[in-house]
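Before any comments, here is the structure.
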Amino acid sequence: MTNEALQQLVEKISLEFFKRPFVHRAYFNARLKTTGGRYHLKDHHLDFNPRLLNLDETVLIGIIKHELCHYHLHLTGQGFEHKDETFKKLLVQVGGLRYTPRLEVAKYHYQCQDCGQLYHRQRKMNLRRYCCGKCKGRLQFVQNDEK
Numbered sequence: 001m002t003n004e005a006l007q008q009l010v011e012k013i014s015l016e017f018f019k020r021p022f023v024h025r026a027y028f029n030a031r032l033k034t035t036g037g038r039y040h041l042k043d044h045h046l047d048f049n050p051r052l053l054n055l056d057e058t059v060l061i062g063i064i065k066h067e068l069c070h071y072h073l074h075l076t077g078q079g080f081e082h083k084d085e086t087f088k089k090l091l092v093q094v095g096g097l098r099y100t101p102r103l104e105v106a107k108y109h110y111q112c113q114d115c116g117q118l119y120h121r122q123r124k125m126n127l128r129r130y131c132c133g134k135c136k137g138r139l140q141f142v143q144n145d146e147k
């Protein structure tokens, strides 16, 4: 999905669920690592984590609805923070996500040779030093997701 396609999707969701137009910019921001999206208070733009594209489309739509709740409530002068009752009610009303699902960050995958237990790690492991925590079997390197 490109930034233009994201912009069109955000505009469509805004009209369909909030009955108000989205007149600012929406784009992907690769610097977002743990958050799904962000609403900028000063310029009213929305940016989204491109890793959301690896998840189900309903997750992306839920995150867009969440950020649009911040957007529309802020522009109408109502409580737009997570703690505000107006935000919570609108989020439930439009069916947005309260939290972003955990985005997988593991680069290295290992598997026990005896019981098959999988281990996902961000850093490389010394396979001579570590063993399976479940059965004490030997670990084997499975795959590397490094880019």
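Residue numbers (full-length UniProt numbering): 1 to 147. Where a beta carbon is used, it is the ideal one built from N, C-alpha and C, also for glycine.
CA-to-CA distance, residue j to residue i, given in whole angstroms
i: His-70; j: Thr-35; result: 15 angstroms
i: Leu-52; j: Leu-103; result: 8 angstroms
i: Lys-42; j: Tyr-27; result: 16 angstroms
i: His-44; j: Tyr-119; result: 41 angstroms
i: Leu-32; j: Ile-63; result: 14 angstroms
i: Gly-95; j: Lys-65; result: 7 angstroms
i: Glu-16; j: Leu-60; result: 16 angstroms
i: Ile-13; j: Leu-127; result: 49 angstroms
i: Glu-67; j: Lys-124; result: 36 angstroms
i: Glu-11; j: Glu-4; result: 11 angstroms
i: Arg-138; j: Arg-129; result: 10 angstroms
i: Glu-57; j: Leu-75; result: 27 angstroms
i: Leu-97; j: Phe-87; result: 12 angstroms
Cut-off 8 angstroms between Cβ atoms - residues of its own chain near residue i, not counting five sequence neighbours on either side
i: Glu-85; result: Gly-79
i: His-40; result: Leu-46, Asp-47
Contact under 9 angstroms by Cβ, residue i with residue j
i: Cys-132; j: Cys-115; result: yes
i: Asn-49; j: Thr-100; result: yes
i: Lys-89; j: Gln-117; result: no
i: Arg-25; j: Gln-8; result: no
i: Gln-93; j: Gln-113; result: no
Residue i CB to nearest heavy atom of the ligand ATP below 8 angstroms
i: Gln-140; result: For the ligand ATP, the structure offers nothing, since it holds no ligand at all.
Cβ-based neighbour list, residue i, same chain, cut-off 7 angstroms, excluding 5 preceding and 5 following
i: His-72; result: Phe-18, Arg-20
i: Val-142; result: His-109, Tyr-110, Gln-111
Cβ neighbours of residue i in the same chain (closer than 6 angstroms, five flanking residues each side left out)
i: Ala-30; result: Pro-50
i: Arg-38; result: Asp-47
Could you tell me which uninterrupted alpha helix (DSSP H) segments, each at least 4 residues in length, are contained entirely in the UniProt domain "SprT-like" (4-142), listed from first to last along the chain?
-> 57-75, 85-94
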